[in-house]
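This is the structure:
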């Protein structure tokens, strides 16, 4: 881990002109053994301000919520800012660390030091702020690859049949995917064929910042006593509770397609509400049919994750981390 500390010093000097010297923290032995097994601790001064550098001992990633808890535990001894140092972090975890205002440095890639007013990105290829989000139909194709990939490849006409879209819509989806350089698209017998030879986890991480929430609208309603008349799937926190320790909300949440929602609004017994009442439910209207990749009565895990990704609720964040561990790689 000496090389990681050296890389930290070099990274700050080369990019900020800040000379820093990491020194072993004299009070490290006052920490619990589990923290000393996870990190090496160094002190340093940046722009005359004291910092404690919490350097990961290996490349295994720890969730941002867990990192914050570790920093809080260290804070019982160290009263100043803590910098989390790691050799490599996924784009998702970097985003979450920033949301939690946790200072971190990934030498050669990114540093986030809010106390110094610095957020420097250099070689993060997967994050492009101006990058356009995928259309709902293109997102459906990506999810189809993640769930039901055919090793022999697939054509727009085959996907149109599988996903119930027009061939023209699938052709445009191929254009988006090819432009994003996510998979291989080639011409065979006068028709384009989409092939994917990598692992699904890398595809998810590469496409993540172009994926969007499937939810276009949320509506609270009362009067649906017989839900079986409409194709409705558990969604939101109701679905997340099925895959985590999250407590299920009192008012259930369901996802429907735009087409189903149109039919539901013709139901005379439906009453739209501003706030929840006893026995009311929440309807999420999705940009693509939630039943495309659903399992039993619940929306699929990737779409569920995307629908809740912007949450600021720590309970939901922790539950999403549990959900990630169950992704079907």
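Numbering (our numbering), first residue to last: 1 to 329. Built from N, CA and C at the ideal position, the CB exists for glycine as well. All figures in this text were calculated on a predicted structure; none of them were measured in a lab.
Burial of residue 235 is indicated by the presence of at least 16 other C-beta atoms within 10 angstroms of its C-beta. Annotation for residue 177: the continuous alpha helix (DSSP H) segment containing it runs 167–179. Annotation: the stretch 233–260 contains the following complete segments of the alpha helix (DSSP H) (minimum length 4 residues), in chain order: 236–240. Leaving aside the five residues that flank residue 113 on each side, the residues in its chain whose CB is nearer than 6 Å to its CB run, in chain order, 103. Taken atom to atom, the span from the alpha-carbon of residue 282 to that of residue 20 is near 53 Å. Residue 229 and residue 305 have their alpha carbons spaced roughly 27 Å apart. The criterion of a C-beta distance shorter than 8 Å is not satisfied by residue 240 and residue 297. Apart from sequence neighbours up to five positions away, the residues of its chain that approach residue 147 with a beta-carbon distance below 6 Å are 293, ordered along the chain.
The shortest C-alpha to C-alpha distance from residue 328 to any of 313, 202 and 175 is the one to 202. Annotation: residue 69 to residue 242 spans about 25 Å, alpha carbon to alpha carbon. Pairing residue 155 with residue 191 gives a Cβ-Cβ distance under 8 Å.
Around the CB of residue 45, fewer than 16 other CB atoms lie within 10 Å, so the residue is classed as exposed. With 16 or more other Cβ atoms from the protein chains shown falling within 10 Å of its own Cβ, residue 74 counts as buried.
Annotation note: the stretch 257–292 contains the following uninterrupted alpha helix (DSSP H) runs of length 4 or greater, listed N- to C-terminal: 258–264.
When C-alpha distances from residue 216 are compared across 273, 262 and 307, the shortest belongs to 307. Per DSSP, residue 43 is one residue of the beta strand (DSSP E) stretching across 39–46. Taken atom to atom, the span from the alpha-carbon of residue 277 to that of residue 222 is near 8 Å. Residue 189 counts as exposed, since fewer than 16 other beta carbons sit within 10 angstroms of its beta carbon. Closest in alpha carbon position to residue 312, among 117, 90 and 100, is 100. Listed in chain order, the alpha helix (DSSP H) runs fully inside the stretch 42–90 are 64–74, counting runs of at least 4 residues. Bounds of the alpha helix (DSSP H) holding residue 143 are 136–148.
Residue 6 and residue 132 have their C-alpha atoms spaced approximately 37 Å apart. Just so you know, the alpha carbons of residue 174 and residue 166 end up roughly 13 Å apart.
Closest by C-alpha distance to residue 258, out of 204, 17 and 136, is 136. Burial check for residue 66: the Cβ neighbour count within 10 Å stays below 16, so the residue is exposed. Counting C-beta atoms within 10 angstroms of its own C-beta, residue 86 has 16 or more neighbours from the protein chains shown and is therefore classed as buried.
The shortest C-alpha to C-alpha distance from residue 52 to any of 111, 194, 40 and 63 is the one to 40. Our two residues, residue 317 and residue 76, have alpha carbons roughly 25 Å apart in a direct line.
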